[in-house]
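Quick mapping for you: the protein sequence lines, in order, are chains A and B.
FYI, UniProt numbering numbers position 4 of the first sequence as 4, with every residue one higher than the one before it.
FYI, UniProt numbering numbers position 98 of the second sequence as 98, with every residue one higher than the one before it.
In this text, a Cβ means the ideal position worked out from N, Cα and C, and glycines have one as well.
If you're wondering where the values come from, they're calculated on a predicted model, not measured in any experiment.
Structure record follows, encoded as structure tokens.
Protein chains: 2
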Amino acid sequence: MQRNVAVVGVGQTAFGEHWERSFRDLFVTAGVRALEDAGVGGDEIDAMYGGNMSAGQFIRQEHVAALIADYAGLATEGVPATRVEAADASGGLAFRQAVLDVASGASDVVVASGVEKMTDLGSDETNDALAGSADREWEVFGGGNVAALYALMARAHMNRYGTTRRELSQVAVKNHRHASGNEYAQYTNEVSAEVVESTPYVAEPLRAFDCSPASDGAAAVVVVPAEDATAYVDDPVYVEATEQASDSLTVHDRRDITALDATSEAAERAYAEANFSPGDIDFAEVHDSYTIGEVLAVEDLGFAEKGEGGGFIDEGRASVGGETPVNPSGGLKACGHPLGATGVRQVVDATRQLRGDAGTQVEDGSVAVTQNVGGTGGTAVVNVLSDGGSV
Amino acid sequence: MQRNVAVVGVGQTAFGEHWERSFRDLFVTAGVRALEDAGVGGDEIDAMYGGNMSAGQFIRQEHVAALIADYAGLATEGVPATRVEAADASGGLAFRQAVLDVASGASDVVVASGVEKMTDLGSDETNDALAGSADREWEVFGGGNVAALYALMARAHMNRYGTTRRELSQVAVKNHRHASGNEYAQYTNEVSAEVVESTPYVAEPLRAFDCSPASDGAAAVVVVPAEDATAYVDDPVYVEATEQASDSLTVHDRRDITALDATSEAAERAYAEANFSPGDIDFAEVHDSYTIGEVLAVEDLGFAEKGEGGGFIDEGRASVGGETPVNPSGGLKACGHPLGATGVRQVVDATRQLRGDAGTQVEDGSVAVTQNVGGTGGTAVVNVLSDGGSV
Numbered sequence: 001m002q003r004n005v006a007v008v009g010v011g012q013t014a015f016g017e018h019w020e021r022s023f024r025d026l027f028v029t030a031g032v033r034a035l036e037d038a039g040v041g042g043d044e045i046d047a048m049y050g051g052n053m054s055a056g057q058f059i060r061q062e063h064v065a066a067l068i069a070d071y072a073g074l075a076t077e078g079v080p081a082t083r084v085e086a087a088d089a090s091g092g093l094a095f096r097q098a099v100l101d102v103a104s105g106a107s108d109v110v111v112a113s114g115v116e117k118m119t120d121l122g123s124d125e126t127n128d129a130l131a132g133s134a135d136r137e138w139e140v141f142g143g144g145n146v147a148a149l150y151a152l153m154a155r156a157h158m159n160r161y162g163t164t165r166r167e168l169s170q171v172a173v174k175n176h177r178h179a180s181g182n183e184y185a186q187y188t189n190e191v192s193a194e195v196v197e198s199t200p201y202v203a204e205p206l207r208a209f210d211c212s213p214a215s216d217g218a219a220a221v222v223v224v225p226a227e228d229a230t231a232y233v234d235d236p237v238y239v240e241a242t243e244q245a246s247d248s249l250t251v252h253d254r255r256d257i258t259a260l261d262a263t264s265e266a267a268e269r270a271y272a273e274a275n276f277s278p279g280d281i282d283f284a285e286v287h288d289s290y291t292i293g294e295v296l297a298v299e300d301l302g303f304a305e306k307g308e309g310g311g312f313i314d315e316g317r318a319s320v321g322g323e324t325p326v327n328p329s330g331g332l333k334a335c336g337h338p339l340g341a342t343g344v345r346q347v348v349d350a351t352r353q354l355r356g357d358a359g360t361q362v363e364d365g366s367v368a369v370t371q372n373v374g375g376t377g378g379t380a381v382v383n384v385l386s387d388g389g390s391v
Numbered sequence: 001m002q003r004n005v006a007v008v009g010v011g012q013t014a015f016g017e018h019w020e021r022s023f024r025d026l027f028v029t030a031g032v033r034a035l036e037d038a039g040v041g042g043d044e045i046d047a048m049y050g051g052n053m054s055a056g057q058f059i060r061q062e063h064v065a066a067l068i069a070d071y072a073g074l075a076t077e078g079v080p081a082t083r084v085e086a087a088d089a090s091g092g093l094a095f096r097q098a099v100l101d102v103a104s105g106a107s108d109v110v111v112a113s114g115v116e117k118m119t120d121l122g123s124d125e126t127n128d129a130l131a132g133s134a135d136r137e138w139e140v141f142g143g144g145n146v147a148a149l150y151a152l153m154a155r156a157h158m159n160r161y162g163t164t165r166r167e168l169s170q171v172a173v174k175n176h177r178h179a180s181g182n183e184y185a186q187y188t189n190e191v192s193a194e195v196v197e198s199t200p201y202v203a204e205p206l207r208a209f210d211c212s213p214a215s216d217g218a219a220a221v222v223v224v225p226a227e228d229a230t231a232y233v234d235d236p237v238y239v240e241a242t243e244q245a246s247d248s249l250t251v252h253d254r255r256d257i258t259a260l261d262a263t264s265e266a267a268e269r270a271y272a273e274a275n276f277s278p279g280d281i282d283f284a285e286v287h288d289s290y291t292i293g294e295v296l297a298v299e300d301l302g303f304a305e306k307g308e309g310g311g312f313i314d315e316g317r318a319s320v321g322g323e324t325p326v327n328p329s330g331g332l333k334a335c336g337h338p339l340g341a342t343g344v345r346q347v348v349d350a351t352r353q354l355r356g357d358a359g360t361q362v363e364d365g366s367v368a369v370t371q372n373v374g375g376t377g378g379t380a381v382v383n384v385l386s387d388g389g390s391v
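Structural data, given as structure tokens:
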């Protein structure tokens, strides 16, 4: 990178079913909170990025970055507003493009945001829109929706490595427990493995409580050149690396359906760029759109050996208080998963942790990873963030 | 910018109604042509950007940058693939983000592409998808589609400045004439003003031949650091500036409906960055999605005084051979307008002109502007490109 970059402000709405609030309201709330947190005025913003998967289908609106710039009062300032999309990795892309924009020297103060309004459609229409993250021609027309495709991965992982149904349940149990301290989470109730396993199958072996919910919500962060960061706040968070990788969109074309190569490729590059190894990571926010996704992430990010992710979680090593806490926020499962917002929300939560003001706080965390996946793994974004103690 | 950037390869499909070719086929054709033109192999590509407005609605597919990376054989290399969207300025965003990516130092060889497959839907569905570039809640629900909103601008411009129906016709006449030498254009037939004025009203005073068509097509360019450009090709084109601005999404919230402030704001920044004035520009590719759009562009880019754009075009000053040729390619009107592809196609055509190998060639052109608009003006991207003679 030509310039290093830091996060100086974060904000989000509560995630959930916001029947009474519009797409644009959600964004503005998150954006204003991030600006207030950074102590930045609207007239200081040089550019903004908006991660959004499917407003075209959910609310029949494209051109949404200009729309949110307009509602945030930035359009009349001519602030460039760029929507980025890679299914539910759209938020991760928004953060990464904001970092590249500052690194390029084109901008100094950039807002990265993500927003999705999913609950305006019925569930059939919502599921059909979601299927647009998979390959419509080769997977969806043949009956493969996203849940079914993750179910294939789960089944293969169980067969090859002995991952158990109970280990999948423990992902949901842990993430609900972590979310109990998170005031922005959609679900703050605890659940037991027995409850998870009593919910109906969505796509065997995955049950309803293996799935993140449909959610409305928005998140935003403010990034600036690292050298200027302490002029804004006392506790900036430094972007040690932001990397993105692609893989085949279809699951059947993958090298191995028990791993997401896009995650491991992006992670490898990010660790090299940041000069860290997986053992240096104190905690992680990962993409558990389905519980199996967290098992894969724990392995593909290098916290556990391939095949041992389920056990790692089941043994409490991914819990707050354990070796490498995973999803201390509650993850997508309990925070909710407004598709385009999630990748930004992960950075918001990692920043709160690194500042020491998270709802469910990790002790002595100074280096974090966030991992955001598009669809079944066609895209992954991996960021390494730190409190600067190790820089 | 931290690093200067150059274009070393361009490619496109013919624009038109490609009933026999899919979205992914179109992109791959354009991408391969751009790589061949640059003499770059797929394994040299560090990142790609894809401009696309509405695949979610046109072909019910999101996550399209990963899809096209996959079909281009780049996904298994893990190449980051980022879709950007701002209605029909999506291609302009793709080019700009590719430039920022190289400028940031994150990547050295980046492909910017744009693609749209519009003809798979019926015209009612297509028009409804297009309306997603305007404000669905405040404009479209009230009956204001994009053509109607441009018609308001045209009527106001006629009333205030005396712009005539004949001057609007001359935009179409000139652009069809220019396209007659362009092998990639959708329409290479010449039309007379009388023919334009005999076509039915779409939204009075705009007639069918004031409107760019619905098109399928793709375009791609390869960008690299300027300092490396001559290692790829003998005739690189240098990016002197790339700027983007927003304005209110709704036309009724604009400062003035006879101008696109997003264009003039982006142009002002781009001229300052490139250290050029409008008088230094030898030719321009501008956004004539409706004929009035070219009149506004000629004014907002500073080639003519406000209110005098119609006369400028009618007097032949915007024709090849005139003072500042505008749309020597044929523009959106005659090239066709596959929404997400257009902003990239403009860079392709400007590059061909600057190299001296365009179908309808401008004499002694060494500095070009491209201007790409989203919807009715909520977004504009303005690039200044040169052959390096003035650098």
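Element boundaries [beta strand (DSSP E), containing residue i]
i      : result
S198/B : Looking at the DSSP string, S198/B is not in any beta strand (DSSP E), and its letter there is neither H nor E.
A220/A : 216-225
Unbroken alpha helix (DSSP H) run spanning residue i, endpoints
i      : result
F283/B : Premise fails: F283/B lies in the beta strand (DSSP E), 283-285, not in any alpha helix (DSSP H).
A87/A  : Neither: A87/A is in no alpha helix (DSSP H) and is coded neither H nor E.
S123/B : 123-130
R155/A : 146-161
Selected residue, minimal CA-CA separation from residue i, among the options
i      : options                        : result
E137/A : A14/A, G336/A, G330/A, L249/A  : L249/A
V40/A  : D210/A, G9/A, F23/A, A103/A    : G9/A
M118/B : F15/B, A358/B, L301/B          : F15/B
Y71/B  : V251/B, G50/B, I292/B, R60/B   : G50/B
A284/A : T324/A, S215/A, I257/A, L149/A : T324/A
Q244/A : G42/A, V84/A, N383/A, S54/A    : N383/A
A172/B : R160/B, A208/B, G359/B, F27/B  : A208/B
E240/A : P225/A, R345/A, V251/A         : P225/A
M1/B   : R355/B, S104/B, V109/B         : S104/B
Residue i, DSSP secondary structure in three states
i      : result
G114/A : strand
M48/B  : strand
L74/B  : coil
Q12/A  : strand
R21/B  : coil
V171/A : helix
A66/B  : helix
V391/B : A caution first: V391/B carries a pLDDT of 42, below 50, which makes its placement in the model unreliable, though a value can still be read off. Three-state result, V391/B: coil.
R60/B  : coil
A55/B  : helix
A179/A : helix
E36/B  : helix
R3/B   : coil
T230/B : helix
T242/B : strand
E185/A : First, the residue type needs correcting, since residue 185/A is Ala and not Glu in the sequence shown. In this structure, A185/A counts as coil in the three-state DSSP scheme.
A98/B  : helix
V237/A : strand
A81/A  : strand
A106/A : coil
A30/B  : helix
Neighbouring residues, chain E, relative to residue i (Cβ below 9 Å)
i     : result
Q57/B : Within the model displayed, chain E is absent; protein chains A and B are what it includes.
Cβ-based contacts, 9 Å cut-off: residues of the stretch 353-378 of chain B near chain A: Listed by position, the residues of the stretch 353-378 of chain B near chain A (Cβ gap below 9 Å) are G374, G375, G378.
4-residue-minimum alpha helix (DSSP H) runs that sit fully inside the UniProt domain "Thiolase C-terminal" (244-386) of chain A, ordered along the chain: 261-274, 291-300, 309-314, 331-335, 342-355, all fully within the UniProt domain "Thiolase C-terminal" (244-386) of chain A.
Interfacial residues, the stretch 99-127 of chain A to chain B, with Cβ spacing under 7 Å: Cβ contacts with chain B: L100, D101, A103, S104, G105, A106.
The stretch 72-86 of chain A: positions lying closer than 9 Å to chain B by Cβ: Cβ contacts with chain B: L74, A75, T76, E77, G78, V79, P80, A81, T82, R83, V84, E85, A86.
Residues of the stretch 59-70 of chain B whose Cβ lies closer than 9 Å to any Cβ of chain A, in chain order: Of all residues in the stretch 59-70 of chain B, I59, R60, Q61, E62, H63, V64, A65, A66, L67, A69, D70 have a Cβ within less than 9 Å of some Cβ in chain A.
Positions along the stretch 134-148 of chain B whose CB lies within less than 9 Å of some CB in chain A: Answer set for the stretch 134-148 of chain B: A134, D135, R136, E137, V140.
Interfacial residues, the stretch 233-267 of chain B to chain A, with Cβ spacing under 8 Å: Taking 8 Å as the Cβ-Cβ cut-off against chain A, the residues of the stretch 233-267 of chain B that qualify are E243, Q244, A245, S246, D247, S248, L249, T250, D253, R255, D261, A262, E265, A266.
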